[in-house]
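First up is the structure itself, then whatever we jot down about it.
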Amino acid sequence: MRRTKLIFTFVILTVLSSSTKNTGYDISNSQSFSVEVSEPPEDYLTIVAAGDNLFHEEVYVSSFKDDTYYFDSIYEEIKPYLEPADIAFINQETILAGKNFGYSSYPAFNTPQELGHSLAAAGFDVICHANNHVMDKGGRAVISTLNFWDTVPGVSILGIHKSQESRETRQVIIEKNNIKTGFLAYTCSTNGVPLPKDMPYLVSLADMEIMAKEIDTLRPLCDFLVVSIHWGNEYQHEPDKSQEKMSLFLAEHNVDLVLGHHPHVLQPYRYFPRTDGKNMLCYYSLGNFISAQDKPATLMGGLAYIRLKKTESGTAIEQAGIIPVVTHFAPDVTGFKVYPLHSYTEELLSKHWLRWARKDVNLKYFNLLADTLFSGEPIQYNPMEDEIHGRWK
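The end of the sequence shown is residue 403 by the working numbering, with every number in the run present.
In structure tokens, the structure reads:
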């Protein structure tokens, strides 16, 4: 029990009396003293979570300088939001299997491993690989990706595993500020690429029977449980029925926080009642964090912000929200960088590839999209979405 010294001031009131009435109070005898009282302990923890880190060829080719890949500058504008957080999560949409597997873009990605060091340097310490592109280069590439991450200190990897034993025993539980936060991650698709028959444990697929077992095993070991899931329809701002069904399932198993990915555009966040009487917060989709996709909505993502408070009665979300972010790149498809929307300017937009392609696109579009998504209002059809045909999937 935490003990806190509180200062109390007690005033001894001396009534000045006359023969007829009270005329006032003498406070000259006021006395102050301190006492120690027991207060319930309170601990706080902040989590920030980014969406799809989707590395097309244009992103990594434009970052090649002096015979090396340099990605730090992509995240320098967002780094101040990551460093103060206790835990920073990102969905790494592409594998980092190494040069021997060949660097590649859509439809089968493999990104230079230098990116991993840049993510760690930016402040990300929880990296998720459970997504539809995880099997793009086969099972050996997944193992190679894991081997690479073993060389990067201070990071935890979600959704891929070297063995059945490691999947069952190497649970990701991060303890900071007296709060234990557990993480699991799943994907609803591997783009039709099956897992190797001798490695069914390799990727955490969204099998509800397996998920229930893993969630129920991890739940009592942590104060706060986060599940990342790759789901939904691409380029849709509203969650589909499968997402709703999965959300209800996760709430039934008393998950605290759901981080959704895959649609490449932002979707709303909502609360679901849990079986234990508490609430589960679900971010249906955090959109793209970085990519070379060219639809206006795919250039906008979100950095989820969650502040936890732990007391004797348990751990709960005290604050939650989202920081909209914009992917910037020049008309020659170089200079990729993530900006918070609130600090992105019309001057920067005037130098964006998007302004070159669509002169009528302005900051109002991004602000209205954010306001609409997170105000509780229904999403309206926007013809701008369909007028630009993406060059990249």
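Don't be surprised by glycine CBs; every beta carbon is placed ideally from N, CA and C.
Local conformation of G270 per DSSP, three classes: To locate residue 270, count along the sequence shown from 1; it is residue 260. Strand at G270.
Helix, strand or coil at N298 [DSSP, three-state]: Here residue 298 refers to the residue found at position 288 when the sequence shown is read from its first residue. Note: N298 maps to strand in three-state DSSP.
Backbone CA spacing between E248 and K305 [nearest angstrom]: Walking along the sequence shown from the start, residue 248 turns up at place 238. Walking along the sequence shown from the start, residue 305 turns up at place 295. Cα to Cα, the separation comes out at about 17 Å.
Identity of the residues DSSP links to R280 by a beta bridge: Position 270 of the sequence shown holds residue 280. Its beta-bridge partners are C292.
W366 burial status per 10 Å Cβ neighbour count (16 or more: buried): Here residue 366 refers to the residue found at position 356 of the sequence shown. Classification of W366: exposed, given that the 10 Å Cβ count is below 16.
8 Å Cβ cutoff met for V265 and V213: The residue you call residue 265 lines up with position 255 of the sequence shown. The residue you call residue 213 lines up with position 203 of the sequence shown. Taking 8 Å as the Cβ cut-off, V265 and V213 do not qualify as a contacting pair.
For S385, the three-state DSSP class (helix, strand or coil): Translated into positions along the sequence shown, residue 385 becomes position 375. DSSP places S385 in coil when its eight states are reduced to three.
Buried versus exposed call for K186 [16 or more other C-beta atoms within 10 Å across all chains shown]: Within the sequence shown, the letter at position 176 stands for residue 186. K186 comes out exposed.
Beta-carbon proximity list for T30, same chain, < 8 Å, skipping 5 on both sides: Translated into positions along the sequence shown, residue 30 becomes position 20. Its pLDDT being 37, under 50, T30 is placed unreliably in this model, and the coordinates cannot settle the point.
Integer Cβ distance of A59 from F99, believed to fall under 8 Å: As a working mapping, residue 59 is identified with position 49 in the sequence shown. As a working mapping, residue 99 is identified with position 89 in the sequence shown. Contact flag correct, Cβ pair sits at about 4 Å.
CB of A380 within 8 Å of CB of L359, strictly: As a first step, residue 380 must be located in the sequence shown, where it is residue number 370. As a first step, residue 359 must be located in the sequence shown, where it is residue number 349. Taking 8 Å as the Cβ cut-off, A380 and L359 do not qualify as a contacting pair.
CA-to-CA distance, F158 to S44, given in whole angstroms: Within the sequence shown, the letter at position 34 stands for residue 44. Within the sequence shown, the letter at position 148 stands for residue 158. Low per-residue confidence applies at S44: pLDDT is 42, beneath 50, and the placement is therefore not dependable, though the value from the model is reported in the following sentence. If I take the Cα positions, the gap works out to 57 Å.
The segment 153 to 171 / the segment 286 to 299 touching (three or more Cβ pairs under 8 Å): no
Neighbour-count burial assignment, F346, 16 or more Cβ in a 10 Å radius: Counted from its first residue, the sequence shown places residue 346 at position 336. It counts as buried.
Classification of W241 by the beta-carbon crowding that lies within 10 angstroms, buried from 16 upward: Within the sequence shown, residue 241 is the residue found at index 231, counting from 1. Buried: at least 16 other Cβ atoms inside 10 Å.
Cβ neighbour criterion (16 or more within 10 Å) applied to P94: The sequence position of residue 94 within the sequence shown is 84, counting from 1. The residue is exposed, with fewer than 16 neighbouring Cβ atoms inside 10 Å.
Among I239, K361, H263 and A107, the one whose alpha carbon lies nearest that of D146: One-based indexing of the sequence shown puts residue 146 at position 136. Per the Cα distances, A107.
Rounded C-alpha distance that separates F134 from Y85: Here residue 134 refers to the residue found at position 124 when the sequence shown is read from its first residue. Here residue 85 refers to the residue found at position 75 when the sequence shown is read from its first residue. Taking the straight line from one Cα to the other gives about 11 Å.
E323, buried or exposed, once every other Cβ within 10 Å from all chains shown has been counted against 16: On the sequence shown, residue 323 is found 313 positions in, with the first residue counted as 1. This sequence places Ser at residue 323; Glu is not what is there. So S323 counts as exposed.
Those runs of the alpha helix (DSSP H) which lie wholly inside the segment 179 to 258 and span at least 4 residues: 218 to 228
Alpha-carbon spacing of C232 relative to I332, whole angstroms: In the sequence shown, the residue the question calls residue 232 occupies position 222. In the sequence shown, the residue the question calls residue 332 occupies position 322. So the alpha carbons of these two residues sit roughly 24 Å apart.
Nearest candidate by alpha-carbon position, reference N243, set I316, K319, F74 and Q277: Counting from 1 along the sequence shown, the entry for residue 243 is found at position 233. It is Q277 whose Cα lies nearest to the Cα of N243.
S353 classed as buried or exposed, judged by whether at least 16 other C-beta atoms fall within 10 angstroms: As a working mapping, residue 353 is identified with position 343 in the sequence shown. The residue in question, S353, is exposed, as its Cβ has fewer than 16 Cβ neighbours within 10 Å.
Stretch pair the segment 119 to 130 + the segment 70 to 90: three plus CB contacts closer than 8 Å: yes
For F43, the three-state DSSP class (helix, strand or coil): Looking up residue 43 in the sequence shown gives position 33. Reliability fails at F43, whose pLDDT of 38 lies under 50, so the model's placement of it is uncertain and the value that follows must be treated cautiously. Strand, per DSSP.
Inter-residue spacing [alpha-carbon to alpha-carbon] between T161 and K369: As a position in the sequence shown, residue 161 is number 151, starting the count at 1. As a position in the sequence shown, residue 369 is number 359, starting the count at 1. Near 45 Å, if we compare the C-alpha coordinates of K369 and T161.
Given A326 as reference, the closest of L235, N142 and L92 once Cα atoms are compared: Your numbering for residue 326 matches position 316 in the sequence shown. Ranking L235, N142 and L92 by Cα distance to A326 puts L235 first.
DSSP-derived helix/strand/coil call for L318: As a position in the sequence shown, residue 318 is number 308, starting the count at 1. In the structure shown, L318 sits in a strand (DSSP, three-state: E or B).
Burial state of T308, where buried means 16 or more other Cβ atoms lie within 10 Å: Walking along the sequence shown from the start, residue 308 turns up at place 298. Buried, because 16 or more other Cβ atoms sit within 10 Å of the Cβ of T308.
In chain order, each beta strand (DSSP E) run of at least 3 residues that lies wholly inside the segment 116 to 164: 136 to 138
Residues that DSSP places opposite T461 in a beta bridge: Since the displayed the chain opens at 11 and closes at 403, residue 461 lies outside it and no answer follows.
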